[in-house]
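Chains W and L, in that order, are what the protein sequence lines are.
The C-terminal position of the first sequence is numbered 232 in UniProt numbering, with every residue numbered one higher than the one before it.
The C-terminal position of the second sequence is numbered 232 in UniProt numbering, with every residue numbered one higher than the one before it.
Glycine included, C-beta positions come from ideal geometry on N, C-alpha and C.
Here is the structure we will look at.
Protein chains: 2
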Amino acid sequence: MAYLERTSETMGHGPVAARSAREVAEAPQARTQRHDQHHVIFYEGDAAERIYELQDGIVMLYKLLPDGRRQVVEILTRGMIFGTAGGPRYDVSAETLTPVRLAVHERREVDASAVLQSHVARCLMAQMEGLHEHAMLLGRKSAMERVASYFMRMVPNRGGEGCSGPASDDCDPHNLVLNMTRQEIADYLGLTIETVSRVISELKRRGVIRLERQDRIHVTRVCGLCQLTGIH
Amino acid sequence: MAYLERTSETMGHGPVAARSAREVAEAPQARTQRHDQHHVIFYEGDAAERIYELQDGIVMLYKLLPDGRRQVVEILTRGMIFGTAGGPRYDVSAETLTPVRLAVHERREVDASAVLQSHVARCLMAQMEGLHEHAMLLGRKSAMERVASYFMRMVPNRGGEGCSGPASDDCDPHNLVLNMTRQEIADYLGLTIETVSRVISELKRRGVIRLERQDRIHVTRVCGLCQLTGIH
DNA sequence: CGAATAATTGAGGCCTATCAAACCGCGTGG
DNA sequence: CCACGCGGTTTGATAGGCCTCAATTATTCG
Chain W
1 MAYLERTSET
11 MGHGPVAARS
21 AREVAEAPQA
31 RTQRHDQHHV
41 IFYEGDAAER
51 IYELQDGIVM
61 LYKLLPDGRR
71 QVVEILTRGM
81 IFGTAGGPRY
91 DVSAETLTPV
101 RLAVHERREV
111 DASAVLQSHV
121 ARCLMAQMEG
131 LHEHAMLLGR
141 KSAMERVASY
151 FMRMVPNRGG
161 EGCSGPASDD
171 CDPHNLVLNM
181 TRQEIADYLG
191 LTIETVSRVI
201 SELKRRGVIR
211 LERQDRIHVT
221 RVCGLCQLTG
231 IH
Chain L
1 MAYLERTSET
11 MGHGPVAARS
21 AREVAEAPQA
31 RTQRHDQHHV
41 IFYEGDAAER
51 IYELQDGIVM
61 LYKLLPDGRR
71 QVVEILTRGM
81 IFGTAGGPRY
91 DVSAETLTPV
101 RLAVHERREV
111 DASAVLQSHV
121 ARCLMAQMEG
131 LHEHAMLLGR
141 KSAMERVASY
151 FMRMVPNRGG
161 EGCSGPASDD
171 CDPHNLVLNM
181 TRQEIADYLG
191 LTIETVSRVI
201 SELKRRGVIR
211 LERQDRIHVT
221 RVCGLCQLTG
231 IH
């Protein structure tokens, strides 16, 4: 595949100067990259030479089957890490959903730095929980539960323990911006575009949400939505 | 996130060269545990005080919904790590599928050791690829493709690049031991017990596999099975 | 303002879940 | 030794949820 050429180097400063292990360990210097919306950072199958930390914006990771089926496996937000690989090649493609700012580390730089590896370990431990949660969603939840869970993900202080309970049905309403098309949402939730659309319409009909715009949702009844996620 | 503060503590020991998994597993601090089959190592919600490395045997990680729906999110084999947590509590339950031998590390021990964190980082990077693959399976594959993928997982040197291709339909046959009940398989693949059973029967009917026993499968046509995974 | 793209809605069918019954392997005990 | 019971598995009949295909409507952008 000729993917490598396409990997755009917006900050093309050329090869990083060699440094001693000591310098790297004490002051790992990350390059910074910026990208527009809908930019592919790397493709599945590319040589895994860099690890990225998302400083700002949203990135999605996805996999494709030969017949075109797509699964979005992770939605990344500020502070999360991607581009990690067990082998020599990326197992997913990475694409921006918004303009982003990235910290970029060469793979060998990470391999040589205990600080970076420690940071990577902590991030991955946290992100792995998200993947577990998502497996539950994909394997065991209904379409309604998936969409409700997806929306609740974006409500701050969601459900956890501090959930005031199902008593008052309209705890403070909340606005959210999706930053994803229906197709991307569908590919994330393991559904079709039509099913996502139908579920959203049903939520409107029930008075749980209101659409300000196609990608801007006003949650009128947060608790009502939370009840639909399947976790209660 | 309070991860960063903790990172600094790890530097007390200075930069450390990468070591083999074997060395790390045998680090002086590591206790060893043994458990029988069907033993729960920890439950979802327990305080996350230890990190485990599987030295021998098979462990499954699963999550439950309040109504009893279960999703097995990971099947772990020798060398893999579990018990990592982003927060103070485990997000999954861990149960043995066979007798196991474990290396056990106290959480604070890992937080204080650059060597351990480096090892954890490497393992998690590899394991994350498995989770991505599984998300694709759960979100986008048919029941037949799921079961075929599940079986192929256990065939050594499976599919990768060295797949001899669809030409010869009976490349060397192979035996596999499931170590899982139909219920566990179903919960892993996001299906019901009945669907798993029906698919297995269909594979028998097509002459792709033969059942030596309920949990011992002889794959008569490896390539034929591989064709059914959806990755070709 | 109108074309192109994205989203919604509708009709129908398929795949998998559900409910139910039969089957099997296996250990127990009469 | 074999009937018995039990858990797990298989098979069958049916239903339902989501997908597919198609048409309509909404939104975006030149």
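Non-local C-beta neighbours of W/Leu211 in its own chain, meaning closer than 8 Å and more than five positions away in sequence, comprise Ile200, Lys204, Ile217 and His218, ordered along the chain.
Contacts with chain W (Cβ-Cβ distance below 9 Å) from the segment 66–95 of chain L involve Pro66, Asp67, Arg69, Arg70, Gln71, Val72, Val73, Glu74, Thr84, Ala85, Gly86, Gly87, Asp91 and Val92, listed in chain order.
Scanning its chain for C-beta atoms nearer than 7 Å, with the 5 sequence neighbours on each side dropped, one finds around L/Glu106 the residues Glu49 and Arg50, in chain order.
W/Glu49 carries a coil assignment under DSSP once its states are collapsed to helix, strand and coil. CA-CA distance, L/Asn179 to L/Ala94, rounds to 15 Å. At the C-beta level, L/Pro99 and L/Gln183 stay beyond 7 Å of one another. For L/His132, the enclosing alpha helix (DSSP H) starts and ends at Ala114 to Arg140. Look at L/Gln71 here: in three-state DSSP terms it is strand. By the criterion of a C-beta distance shorter than 8 Å, W/Glu129 is surrounded by no residue of its chain, once the five residues flanking it on both sides are discounted. Between the segment 64–73 of chain L and the segment 125–144 of chain W, the count of Cβ pairs shorter than 8 Å is three or higher; the stretches touch. Residue-level contact check: W/Lys204 does not touch chain L, since none of the beta carbons of chain L fall below 7 Å from its beta carbon.
When C-beta distances to chain W are compared with 7 Å, the residues of the segment 98–124 of chain L below that value are Ala114, Gln117, Ser118, Val120, Ala121 and Leu124, in chain order. At a cut-off of 7 Å between C-beta atoms, W/Ala126 counts as an interface residue with respect to chain L. Listed along chain L is no residue with a C-beta nearer than 8 Å to that of W/Leu178; the closest approach is about 18 Å. For L/Arg146, no Cβ of chain W is located within less than 7 Å of the residue's own Cβ. DSSP, reduced to helix, strand and coil, places L/Asp56 within a strand of the structure shown. Around W/Val110, the same chain offers Ile51 and Leu116 as residues with beta carbons nearer than 6 Å, after the five sequence neighbours per side are excluded. Using a Cβ-Cβ cut-off of 7 Å, L/Arg140 is close to Leu65, Arg69, Gln71 and Gly190 of chain W, given in chain order. When rounded, the separation of the alpha-carbon atoms in L/Leu191 and L/Ala143 is 7 Å. Between the alpha carbons of W/His132 and L/His174 lies a distance of about 31 Å.
The C-beta of W/Tyr90 has 16 or more other C-beta atoms within 10 Å across all chains shown, which makes the residue buried.
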